[in-house]
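Going by numbering that gives the first Met the number 0, the sequence shown wraps up at 444, each residue one higher than the last. Below is one structure, written out as structure tokens, with a few remarks after it.
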Amino acid sequence: MSNRIVIDVVVPHYPFMPYFLDRTRELAEKFMAGHPDYRIRVTGEDWLSVPQAVHDAAQQGNAPTVVQYFYTSAQEARDTRRPDGSPLFTSVERAIAGRTEILGEPVVLGDIAPAARQYYTYDGEVVAMPPLTSTTLLYANTTLLNRAKITELPQTWAGIEAACRAVTALPDGPAHAITWPNHGWLFQQSVAQQGALLADHDNGRSGRAEKVYLDSDAMLAYVQWWRRLHRAGLYRYHASRVNTEVDWDANFRAFAEQKVAFTLTTSVEAARMARAGRDGGFVVQACRMPYNEQVPYAGNVIGGDALWLADGLDPDTRDGALAFMQYLNTPRTAADRHRETGFIPVTSAAIELLEREGWFQQNPHFRTALDQLAANDGSPAARGALLGDFAGIQDAMTRAMHDVLVSDVAPRARFAQANAEAQQLLDHYNAASRGLRPRGPIRVG
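Here is the structure:
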């Protein structure tokens, strides 16, 4: 037992998904049962703290073997260094080196869905392996919509606006028609849908992002549409002037209590939304996220996590880590995790298994996310941005939107200010990544 090869895996702990860490540990136990020479040691870390915790461990010479980063931390993963300045992580595709199986586990990297694969492809290689992914969907109360004589679900911003007006015009209809959280992910999605970029150098994919575009025409189109819905009383906003924290559950409750007919949120919530309808006596349908009909649709970006592999491992440790990564995405494992968590299964084989078992026929609300991501055109815009201090940059967007909604400030001026704040964050991050300043965030706004 003492001479087993140890694979240290750091997994994010999400307070809103307490089962997440425990399930990873259960899968590690199952993997070890088939690979008795290995010990998978899973450690949980608060999801926001993962980049700094791993950076600190690397500087102390105690870097983990595998780290699961949230997608917005991909640039931090790429920039994490050992004390000698070498990158902590290597490309998963390079480490696999064309093999079709590792320690008896079939290699499934090439079977990953294009939208997820493309997000983690840099310099022509898949650098990290996503076991879980998601996207943003629109959920509709079709019972309310039918009462408002809406028989076709809206797919565009104009269609949503018209449907919302019809719902609120019902004699005993809700005061508002739609809600969604003021969160950075929604901005990313809407800008990507319009084929626009959040940053230069092809969204940070043909070179390090050095300039942000939070005041672009695409961003302002989304902000102005959102403000128009709010001003007309169609959009229900849940944050107050003193508390701008995202209240995801308030948006869910508004939909579940039929205070609105639509809500935008993660595809992971599909089962919960359908259950809310059954409990509340109304029919729920999951729909693709509405887009700006004035410009061509480019695609929606992913959410979720990916596994990053440490460089410089001995062959046995490296192959044990790679085998565990493949195991997490075997068709049966991936299909079961999808059923349990609602995250999108990221391989074609897992999707085909679920199809054969009739899962999507019985649960069509889960099929919608697959169809939405399959419509991604693979452009830099639709692949999503790669940015340092992405979380801080997202906060700059949400603070600006809050002011637009509750203080009636001009969108163009406020988002120009947000862009300056985000640029300061990115400049600081890039300088720190080059060793020009102490590592760590700054506060703006």
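C-beta atoms are modelled at their ideal positions from N, C-alpha and C, and glycine is treated no differently.
Check for me: the beta strand (DSSP E) holding residue i runs from which residue to which?
i, result
"residue 418", "Premise fails: residue 418 lies in the alpha helix (DSSP H), 410-432, not in any beta strand (DSSP E)."
"residue 41", "37-45"
"residue 303", "302-309"
"residue 139", "135-140"
"residue 359", "Where residue 359 is concerned, there is no enclosing beta strand (DSSP E), although the alpha helix (DSSP H) it sits in stretches over 358-361."
"residue 69", "65-69"
"residue 353", "Counting along the chain, residue 353 falls outside any beta strand (DSSP E), though it belongs to the alpha helix (DSSP H) covering 347-355."
By the 10 Å Cβ neighbour count, where 16 or more other Cβ atoms means buried, how is residue i classified, buried or exposed?
i, result
"residue 150", "exposed"
"residue 292", "exposed"
"residue 59", "exposed"
"residue 180", "buried"
"residue 99", "exposed"
"residue 361", "exposed"
"residue 18", "exposed"
"residue 104", "buried"
"residue 241", "Interpretation of residue 241 is limited by its pLDDT of 47, a score under 50 that renders its predicted location unreliable; the figure taken from the coordinates is listed afterwards. So residue 241 counts as exposed."
"residue 32", "exposed"
"residue 339", "exposed"
"residue 96", "exposed"
Which residues bound the alpha helix (DSSP H) around residue i?
i, result
"residue 283", "Per DSSP, residue 283 belongs to no alpha helix (DSSP H); it is in the beta strand (DSSP E), 283-287."
"residue 403", "389-405"
"residue 19", "18-33"
"residue 4", "Not the alpha helix (DSSP H): residue 4 falls in the beta strand (DSSP E), residues 4-12."
"residue 219", "216-230"
"residue 188", "183-192"
"residue 323", "314-327"
"residue 251", "247-255"
With a CB to CB cut of under 6 angstroms and the five nearest residues on each side skipped, what residues in its chain are close to residue i?
i, result
"residue 90", "124 and 126"
"residue 249", "237"
"residue 433", "none"
"residue 147", "165, 166 and 169"
"residue 415", "214"
"residue 107", "325, 328 and 346"
"residue 228", "234"
"residue 413", "399, 402 and 403"
"residue 140", "260 and 281"
"residue 376", "297 and 298"
"residue 245", "180 and 182"
Are the beta-carbon atoms of residue i and residue j separated by less than 8 angstroms?
i, j, result
"residue 261", "residue 176", "yes"
"residue 349", "residue 198", "no"
"residue 102", "residue 34", "yes"
"residue 64", "residue 309", "yes"
"residue 10", "residue 67", "yes"
"residue 282", "residue 142", "yes"
"residue 191", "residue 390", "no"
"residue 43", "residue 26", "no"
"residue 300", "residue 187", "yes"
"residue 286", "residue 144", "no"
"residue 24", "residue 41", "yes"
"residue 387", "residue 75", "yes"
"residue 216", "residue 4", "no"
"residue 302", "residue 184", "yes"
Using C-beta distances below 7 angstroms, list every residue in its chain close to residue i, excluding the 5 sequence neighbours before and after it, in chain order.
i, result
"residue 294", "193 and 194"
"residue 421", "211, 213, 392 and 395"
"residue 344", "333, 334, 337, 350 and 353"
Just to check, is the beta-carbon of residue i closer than 7 angstroms to a non-hydrogen atom of the ligand FMN?
i, result
"residue 148", "The model depicted lacks the ligand FMN and carries no ligand whatsoever."
So, for residue i: in the same chain, excluding its five sequence neighbours on each side, which residues have a beta-carbon less than 8 angstroms away from its beta-carbon?
i, result
"residue 278", "255"
"residue 62", "53, 56, 81, 87 and 309"
"residue 317", "94 and 308"
"residue 378", "194, 297 and 298"
"residue 111", "125, 128, 129, 328, 345 and 346"
Query raised in the report: Are the stretch 252-269 and the stretch 67-82 touching, with three or more C-beta to C-beta distances below 8 angstroms?
Result: no
Query raised in the report: Does the count of Cβ pairs from the stretch 372-379 and the stretch 402-422 closer than 8 angstroms reach three?
Result: no
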